[in-house]
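Novice: Numbering (the numbering used here), first residue to last: 1 to 176.
By construction, the Cβ of each residue, glycine as well, lies at the ideal position given by its N, Cα and C atoms.
Take a look at the following structure, please.
Structure below.
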């Protein structure tokens, strides 16, 4: 199966595409306008002529105060209280193609692309809101939970830290 990934270039007509979660299908339907406004870029994943998945990435600011100690411990009041992150708004695989590890392929590609971006842009985190049923799956890719919040949401905020912790720790131990 030859997989092709392209940024959305026209309105999404869902047609027979259905990821099985109506709220995500609705997000997909409105993705092109968000892409045009540069609010987030949506991508279409296809093989030959079939659309098999969609995903969207967005730059966001994360308040340091919600970060776990392993991130926030190196910051003080002299720093901006926000970190730049690339948020994975959604990854949606059509129900017909679920179970073939396409979500795994897409997520690995996203993580790799963001780590490459981090070499040239000051992006600290990869974030997402994981459905509670997917938390363990995201953990296998290195995602961790932010500090718990008090609401009973069906999602959990998760992150991957893109900073090179060994360099930070070496710097701190040498100069601080």
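May I have the straight-line CA-CA distance separating residue 164 from residue 16, to the nearest angstrom?
Specialist: Taking the chain shown and counting its residues from 1, one reaches residue 164 at position 164. Taking the chain shown and counting its residues from 1, one reaches residue 16 at position 16. Their backbone Cα atoms lie some 43 angstroms apart in a straight line.
Novice: According to DSSP, is residue 73 helix, strand or coil?
Specialist: Working through the chain shown from its first residue, we reach residue 73 at position 73. If DSSP states are grouped into helix, strand and coil, residue 73 belongs with coil.
Novice: Does the Cβ of residue 187 have 16 or more other Cβ atoms within 10 Å, making it buried, or fewer, making it exposed?
Specialist: The requested residue 187 is not part of the displayed model; the chain covers only 1 to 176.
Novice: Mind checking residue 73: buried by the 16 CB within 10 Å criterion, or exposed?
Specialist: To locate residue 73, count along the chain shown from 1; it is residue 73. Burial call: exposed.
Novice: List the residues that DSSP assigns as beta-bridge partners of residue 91.
Specialist: As a working mapping, residue 91 is identified with position 91 in the chain shown. BP columns for residue 91 point to 55.
Novice: Kindly indicate which three-state DSSP category residue 120 falls into: helix, strand or coil?
Specialist: Counted from its first residue, the chain shown places residue 120 at position 120. Here residue 120 sits in coil by DSSP.
Novice: Starting from the C-beta of residue 20, find all residues in its chain whose C-beta is less than 8 angstroms away, skip the five residues before and the five after it, and write them out in chain order.
Specialist: In the chain shown, the residue the question calls residue 20 occupies position 20. 95 and 98, listed in sequence order.
Novice: Compute the distance between the beta-carbons of residue 123 and residue 114, then report whether it is under 9 angstroms.
Specialist: Here residue 123 refers to the residue found at position 123 when the chain shown is read from its first residue. Here residue 114 refers to the residue found at position 114 when the chain shown is read from its first residue. Contact: yes.
Novice: Once DSSP output is grouped into helix, strand and coil, what is the label at residue 29?
Specialist: Your numbering for residue 29 matches position 29 in the chain shown. Looking at residue 29 - three-state DSSP - the assignment turns out to be helix.
Novice: If you count every other CB in all the chains shown that lies within 10 Å of the CB of residue 142, and 16 or more means buried, which is it?
Specialist: Looking up residue 142 in the chain shown gives position 142. So residue 142 ends up on the exposed side.
Novice: How would you write the range of the alpha helix (DSSP H) that residue 138 sits in, first residue to last?
Specialist: Reading the chain shown from its first residue, position 138 is the one you call residue 138. Segment 135 to 139, the alpha helix (DSSP H) holding residue 138.
Novice: Specify whether the stretch 37 to 51 and the stretch 123 to 134 touch according to this definition: at least 3 beta carbon pairs, one from each stretch, less than 8 angstroms apart.
Specialist: no
Novice: I'd like to know whether the C-beta atoms of residue 23 and residue 8 end up nearer to each other than 9 angstroms.
Specialist: Against the chain shown, residue 23 aligns to sequence position 23. Against the chain shown, residue 8 aligns to sequence position 8. Contact annotation: residue 23 and residue 8 have beta-carbon atoms that are not nearer than 9 angstroms.
Novice: Nearest-angstrom Cα distance between residue 130 and residue 78?
Specialist: Counting from 1 along the chain shown, the entry for residue 130 is found at position 130. Counting from 1 along the chain shown, the entry for residue 78 is found at position 78. Straight across, the Cα-Cα distance linking residue 130 with residue 78 is about 32 angstroms.
Novice: Specify, as a first and last residue, the run of the beta strand (DSSP E) that residue 127 falls within.
Specialist: Position 127 of the chain shown, counted from the start, is the residue given in the question as residue 127. Element bounds for residue 127: 125 to 131.
Novice: Decide if residue 89 is buried, meaning its Cβ has at least 16 other Cβ atoms within 10 Å, or exposed.
Specialist: Here the question's residue 89 lines up with position 89 in the chain shown. Classification for residue 89: buried.
Novice: Anyone know if the C-beta pair for residue 87 and residue 45 falls short of 9 angstroms?
Specialist: Here residue 87 is taken as the residue at index 87 of the chain shown, counted from 1. Here residue 45 is taken as the residue at index 45 of the chain shown, counted from 1. Cβ distance not < 9 angstroms, so residue 87 and residue 45 don't count as in contact.
Novice: Helix, strand or coil for residue 49, going by three-state DSSP, please let me know.
Specialist: As a first step, residue 49 must be located in the chain shown, where it is residue number 49. Coil at residue 49, not helix or strand.
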